[in-house]
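Okay, structure first, notes after.
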Amino acid sequence: MSNILLGDDDEELTQLLQEYLHNHGIHCDCVHDGEAVIERLKATMPDNSPYDLLVLDIMMPKIDGLSVLRQLPAISDIPVIMLTAKGEEIDRIIGLELGADDYITKPCNPRELLARINAVIKRTNSVANLAEQLPLPSSRLHLDQQQRLCEIDGIELQLTGTEFDLLLALLRQKGEVVNKSWLSQHVLQRELQPFDRSLDVHVSRLRKKLQPFHDEPIKAIRGKGYQLVL
376 MSNILLGDDD
386 EELTQLLQEY
396 LHNHGIHCDC
406 VHDGEAVIER
416 LKATMPDNSP
426 YDLLVLDIMM
436 PKIDGLSVLR
446 QLPAISDIPV
456 IMLTAKGEEI
466 DRIIGLELGA
476 DDYITKPCNP
486 RELLARINAV
496 IKRTNSVANL
506 AEQLPLPSSR
516 LHLDQQQRLC
526 EIDGIELQLT
536 GTEFDLLLAL
546 LRQKGEVVNK
556 SWLSQHVLQR
566 ELQPFDRSLD
576 VHVSRLRKKL
586 QPFHDEPIKA
596 IRGKGYQLVL
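Under my numbering, residues 376 to 605 are what the sequence shown spells out, in order.
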């Protein structure tokens, strides 16, 4: 059974989601403000974290969800799905830029939330979710798929789980233009939707981390996809 932490100040909603998720094989602990999220993660990290995923509401008392995301890198590398208000695109973009793996808008369909949770956990727990452990193309990049670590020219890069999988997908097809729909299906584990900028934001974050080593490490090919040139 997977274990997740849900941070949301709507206690009635969290109870309903907790029951629904439990009935579908996911144990869910609930806290109701951002401060409690941080305290719970600090109490369980780094040695014996019981959580596979954090579902995090943006609008919470004491410490809001975006502030929690800013503090997370110093606490945990737990994957995160954000809960954002319908229409608040700027919150979703900022959250993704701060390292969230995915988002879902509120009010959310429990079935869709379950699908997103399972997709992120499946990707995170998979040692080589995009392909079998085959040799990677020659590159300045070294990706340890077992430990999920990335080095370039011997310097370790701090990547989120989504960024690692995205880089792995691009590296396996280095020099080729990789279709955005394919990347969305194989990295984000969902169909590419119109006006969904999640993939673009993850690519932008990854590009910034690679730019100290190459002026244009990932090219955006208009109307087609992305190409790793590093």
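Idealized CB from N, CA, C, for every residue including glycine.
With a CB to CB cut of under 6 Å and the five nearest residues on each side skipped, what residues in its chain are close to D476? For the purposes of this step, residue 476 is taken as residue 101 along the sequence shown, with counting starting at 1. So the list reads P454, V455, V495 and T537, once near-sequence residues are dropped.
Any chance the stretch 544-558 sits against the stretch 455-471, with 3 or more Cβ pairs inside 8 Å?
no
| task | Indicate the three-state DSSP secondary structure (helix, strand or coil) for V576 in the structure shown. | result | In the sequence shown, counting from the first residue as 1, residue 576 sits at position 201. Correct three-state label for V576: helix.
task: Take G382 as the anchor and find which of Y395, I596, C403 and N493 has the nearest alpha-carbon.
output: On the sequence shown, position 7 is the one that residue 382 refers to. Closest by alpha carbon: C403.
Item to complete: Starting from the C-beta of V502, find all residues in its chain whose C-beta is less than 7 Å away, skip the five residues before and the five after it, and write them out in chain order.
Response: The residue you call residue 502 lines up with position 127 of the sequence shown. With a pLDDT of 44 at V502, under the threshold of 50, the predicted position of this residue should be treated as unreliable, though the coordinate-derived value follows. Q520 and Q521.
Per-residue DSSP class, three states only, for H407: To locate residue 407, count along the sequence shown from 1; it is residue 32. In the structure shown, H407 sits in coil (DSSP, three-state: anything other than H, G, I, E or B).
On the three-state DSSP scale, how would you describe V502?
Taking the sequence shown and counting its residues from 1, one reaches residue 502 at position 127. Its pLDDT being 44, under 50, V502 is placed unreliably by the model, and the measurement read from it follows with that caveat. Coil at V502, not helix or strand.
Helix, strand or coil, according to DSSP, for V604 in the structure here? In the sequence shown, the residue the question calls residue 604 occupies position 229. In this structure, V604 counts as coil in the three-state DSSP scheme.
DSSP three-state assignment for Y395, whether helix, strand or coil | Your numbering for residue 395 matches position 20 in the sequence shown. In this structure, Y395 counts as helix in the three-state DSSP scheme.
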